[in-house]
Amino acid sequence: MNGKYRNGQIKMEDHDGFRSYYYENGVLKAIGHFDGKMQGEWRFYRKSGKLWQVGHLMDDYKHGPWLRYDHNGKIEKETYFINGKAQKDK
Numbered sequence: 001m002n003g004k005y006r007n008g009q010i011k012m013e014d015h016d017g018f019r020s021y022y023y024e025n026g027v028l029k030a031i032g033h034f035d036g037k038m039q040g041e042w043r044f045y046r047k048s049g050k051l052w053q054v055g056h057l058m059d060d061y062k063h064g065p066w067l068r069y070d071h072n073g074k075i076e077k078e079t080y081f082i083n084g085k086a087q088k089d090k
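So the sequence shown is residues 1 to 90, counted in UniProt numbering.
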């Protein structure tokens with residue numbers, strides 16, 4: 001999945017046990033722990049750079065609480081996952 005967008009912006013990079021993904025405009029898209037699979041806390045951002053979602057992954061699956069934020073930075077939804085399956089919303 002390494003590569004660059006047509007404008008030369010990198011799509012993804014690995015650094016010190018973390019992986020970062022970027023939008024074509026250079027804004028951070030997602031960042032989290034990576035050891036061959038997505039693990040631990042991950043943060044996902046909108047193209048504007050504002051936080052969109054925060055949650056934990058275990059072997060690439062959502063696991064534990066996930067928070068989704070609206071465009072104003074307020075929590076709009078909280079969902080609990082077990083092995084990638086939604087259990088409940090708050």
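Heads up, the beta-carbon is just placed ideally off N, CA and C, and yes, glycines get one too.
Could you work out which residue in the options is closest to residue i when comparing CA atoms only?
{"i": "Y80", "options": "R68, M38, G64 and K74", "result": "G64"}
{"i": "G73", "options": "F44, F18, G36 and Y22", "result": "F44"}
{"i": "K85", "options": "M12, Y21 and L57", "result": "L57"}
{"i": "F34", "options": "E78, G55, D60 and S48", "result": "D60"}
Who pairs with residue i in a beta bridge, going by DSSP?
{"i": "Y80", "result": "P65 and K88"}
{"i": "K4", "result": "I10"}
- Task: Please specify which runs of the alpha helix (DSSP H), each continuous and at least 4 residues long, are wholly inside the segment 11-61, giving them in chain order.
- Result: none
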